[in-house]
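Okay, so here's the structure we're looking at.
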Amino acid sequence: MVTESASEFETQDLLLNVGPQHPSTHGVFRMVMQVDGEVVREVIPYIGYLHRGAEKLCETMDYRQGIGFMDRTEYLAAMNAELSYVMAVETLAELEVPERAQWIRMILVELNRLASHLMFMGAFGVDVGVFGTPFIYAWREREAVIDLFEEISGDRMMYAYLRPGGLAWDVPTNFVPRVREVLTAVRQGIADFDGLLTKNEIFIARTKGVGVISAADAIDFGMSGPSIRASGVPLDVRREEPYLKYNDINWNVITRTEGDVYARYLCRLDEMRESVKIVEQCLERLQPGAIMPEKMPRMLRTPPGEIYVRTEAPRGEFGVYLVSKGGNRPHRLKVRSACLSNLQALRHMTIGSYVADALIVLGSIDIVLSEVDR
Amino acid sequence: MTSEETTESAAPVATLDGTIWAEVDRALAGITATAERGLLDVIVHVPPAEIIRALKALKADATLNFDYLRSLTAVDNEEDGIDVVYHLYSTTAKHNLTVKATLANDNLFIDTATTVWRAANWLERETAEMFGVRFNGHPDPRTLLMPEDMDDTFPLRKDHPLAEIEVLQGEGMGYSEEDQ
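These protein sequence lines are chains A and B, in that order.
Just so we're aligned, residue 1 is where the first sequence starts under the working numbering, counting upward by one.
Just so we're aligned, residue 1001 is where the second sequence starts under the working numbering, counting upward by one.
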């Protein structure tokens, strides 16, 4: 580090603009870094390039139409985003979701978590400089999950498969063996990543001790998901306020105590193993049955009221705050973005680190800009 | 809570048995707060002038310990003003609380919660640009998602005009009365 007194040369801080069009920013995210040589002195993030007014649009459309906007808000974990939304509508409209629909939902959101974490592994590998191999490996296994989703919903990313009350239609008859196939592929993928990155000397050198955030700071910034669990806070909505059937099966909340980039990576890796465990147990409990409540109104209306529903999405707490004044559309719909709150802590985590590390820290909180900007 | 108010709001308070309202009421001593039971969480209404005192008290209280700000947003109720809504959580005691402050349309000022949680920073910037709520003492009152020069119109207010296409979409999906 060059300080004024230590240097005989006059130094001047440089303003370095990163993004909005830059591969390392995972979307249209811009930050202006004030750098002193290689050291970051200040970070000013700029977001909003992808703001589409999804919340406002949901207010102009009926409840069923809002599902599509949730997909586009969190496009890497669309099932999880849909889940928060339909659960909010269901609670307001007092719909009872059939058992089978709940188990299928749980399988789908956990598979989506796997797909999303695989995406992280690949993209993060590239951030760290392990170019190519992990990215392709991640794509191979993610493809298996996405193919399955396509068979079920007809779409690879924008599923619109969950409905207030249940599911759009039942899963194909070969659903259970197909999920088992996908799980076998993903389990192999997790093992590959473990072998490829976890003990990789270069990977460890780049990530260990980088971008540390303490538990107290992470809570204060409202971080969630693997990003806060890596700092030793066992905050997981699935465990704290169980929804679906998370109470009925055995699984663990993964936490690490280091709070650095490496811990956030390990958290996600171990969480994938837990997700596989959850899906396996769900498959055993899955029984034939109805997927929608018997009496569904032709036009879904909700009584006046409000609810804040939160679920654990791959990136953290995906909350939907729904205010109804009666009728068939929301009066106000607010999406609580996990990425927005996680990204807010970026400045805190990067100041004082090297420029190259700042990009790794950004990669480690795994942002989806579409969810940040809504 | 004063004695007259207790009698006034006796009905909703009675349904709050088994919730954390008793502790919240104790922590908010000296603040005129009323509560109602929401579908998941207790909703507490606090006068805007006392919001920061209330939030600080809720965070500092040893049993409540609301150390986590889940979400901060606003709801435009048109002639009834704008509600600023805080969703709180305690990472140690594992309970939730919704706090609301209703602002009159001619006085959209409220103190910043960034002094309580740093998480409020961006959330308040977003609420400010979307609803025109002004957060007194905010350390960084720039726009967050909107362009810098867009400071005279507030997109999430109900009176903000929709684009033509959005109006068309809204009409296109309008069902006839019999269908509804």
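Don't be surprised by glycine CBs; every beta carbon is placed ideally from N, CA and C.
Buried or exposed by the 16-neighbour rule on C-beta atoms within 10 Å, applied to residue i
i, result
"A:R41", "exposed"
"A:D236", "buried"
"A:F69", "buried"
"A:E96", "exposed"
"A:N174", "exposed"
"A:D13", "exposed"
"A:P303", "exposed"
"A:K56", "buried"
"A:E201", "exposed"
"A:L300", "buried"
"B:A1029", "exposed"
"A:T184", "exposed"
"A:G132", "exposed"
"A:G166", "buried"
"A:F120", "buried"
"A:F9", "exposed"
"B:P1161", "exposed"
"B:P1139", "exposed"
"A:D357", "buried"
Closest by C-alpha distance to residue i, when choosing among the options
i, options, result
"A:G154", "A:R178, A:I47, A:G19, A:W169", "A:W169"
"A:D194", "A:V182, A:Q34, A:R206, A:C267", "A:C267"
"B:R1125", "B:A1093, B:V1084, B:T1019", "B:V1084"
"A:E272", "A:A101, A:G189, A:S214, A:E306", "With the sequence shown as reference, residue 272 of chain A is identified as Met, and Glu is not the correct amino acid for it. Residue A:G189 is the option with its Cα nearest to A:M272."
"A:F203", "A:C58, A:F221, A:R156, A:A263", "A:A263"
"B:L1040", "A:E306, A:L162, A:L359", "A:E306"
"A:S375", "A:L300, A:T255, A:D248, A:E241", "The question about residue 375 of chain A has no answer here: the residues shown for chain A are numbered 1 through 374."
"B:L1058", "B:T1098, B:A1027, B:A1128, B:Y1086", "B:A1027"
"A:L197", "A:I219, A:V130, A:G37", "A:V130"
"A:Y63", "A:I47, A:Y49, A:Y75, A:M87", "A:M87"
"A:Q21", "A:V39, A:M158, A:I47, A:G66", "A:I47"
"A:G259", "A:Q65, A:L16, A:D248, A:I213", "A:I213"
"B:E1050", "B:K1100, B:R1142, B:D1061", "B:K1100"
"A:Q102", "A:H348, A:H331, A:P242", "A:P242"
"B:H1045", "B:A1062, B:A1060, B:S1090, B:V1024", "B:V1024"
"B:T1019", "B:R1070, B:L1055, B:T1098", "B:T1098"
"B:R1070", "A:L346, A:G316, A:A356, A:R347", "A:G316"
"A:D366", "A:I278, A:R347, A:P314, A:Y137", "A:P314"
"A:P330", "A:R347, A:L15, A:Y85, A:G19", "A:Y85"
"A:L333", "A:M61, A:Y265, A:F135, A:E280", "A:M61"
Beta-carbon contacts of residue i that lie in its chain and below 7 Å, excluding the five residues immediately before and after
i, result
"A:T73", "A54, A81, V335, S370, E371, R374"
"B:Q1180", "Its pLDDT being 42, under 50, B:Q1180 is placed unreliably in this model, and the value from its coordinates should be taken loosely. Result list for B:Q1180: empty, nothing under 7 Å."
"B:L1016", "A1035, R1037, V1042"
"A:L83", "R105, V109, L162, T311"
"A:S275", "E110, R113, L114"
"A:V261", "T207, V210, G211, I360, V361, S364"
"B:F1109", "R1134, N1136"
"B:A1093", "T1063, L1064, N1065"
"A:D270", "I254"
Contacting residues, own chain, Cβ-Cβ under 8 Å from residue i (five flanking each side not counted)
i, result
"A:L283", "I107, V176, V179, R180"
"A:E99", "Q287, G289"
"B:L1156", "A1074, D1076, M1130, F1131"
"B:K1158", "D1076, E1078"
"B:T1002", "Interpretation of B:T1002 is limited by its pLDDT of 42, a score under 50 that renders its predicted location unreliable; the figure taken from the coordinates is listed afterwards. Only T1032 meet the Cβ criterion."
"A:Y354", "E38, V39, V40"
"A:T257", "S231, G232, A263"
Inter-residue CB distance, residue i and residue j (contact presumed, cutoff 8 Å)
i, j, result
"B:G971", "B:F1154", "Any property of residue 971 of chain B remains undetermined from this structure, which presents chain B solely from 1001 to 1180."
"A:A77", "A:R52", "In fact, because the Cβ distance is near 18 Å, the residues do not count as touching under 8 Å."
"A:T91", "A:V309", "7 Å"
"A:I44", "A:V32", "5 Å"
"A:V182", "A:L244", "Incorrect: roughly 20 Å between the Cβ atoms, too far for contact."
"A:V368", "A:C339", "6 Å"
"B:W1122", "A:D220", "13 Å between Cβ atoms; not a contact."
"A:P164", "A:E151", "Incorrect: roughly 23 Å between the Cβ atoms, too far for contact."
"A:A216", "A:I67", "That pair is no contact at about 38 Å."
"B:P1141", "B:A1128", "7 Å"
"A:Q281", "A:N252", "Between A:N252 and A:Q281 the Cβ distance is about 13 Å, and since that is not below 8 Å, they are no contact."
Check: residue i C-beta below 7 Å from any heavy atom of the ligand FAD
i, result
"A:F318", "As far as ligands go, the structure on display features none, and thus does not contain the ligand FAD."
Contact set for residue i: own chain, Cβ-Cβ below 6 Å, skip 5 residues either direction
i, result
"A:G363", "F124, D127"
"A:R156", "I146, E150"
"B:N1096", "D1041, Y1089"
"A:R30", "G19, P20, Y46"
| field | Inter-stretch contact (C-beta, 8 Å, three-pair minimum) for the segment 1102-1122 of chain B and the segment 320-330 of chain A | value | no
| task | Could you tell me whether the segment 290-299 of chain A touches the segment 197-208 of chain A, using the rule of 3 or more Cβ pairs below 8 Å? | result | no
| query | Any contact of the segment 1054-1067 of chain B with the segment 1139-1153 of chain B, i.e. 3+ C-beta pairs under 8 Å? | reply | no
| query | Should the segment 339-351 of chain A be regarded as contacting the segment 218-230 of chain A, the criterion being three or more beta carbon pairs within less than 8 Å? | reply | The segment 339-351 of chain A vs the segment 218-230 of chain A: in contact.
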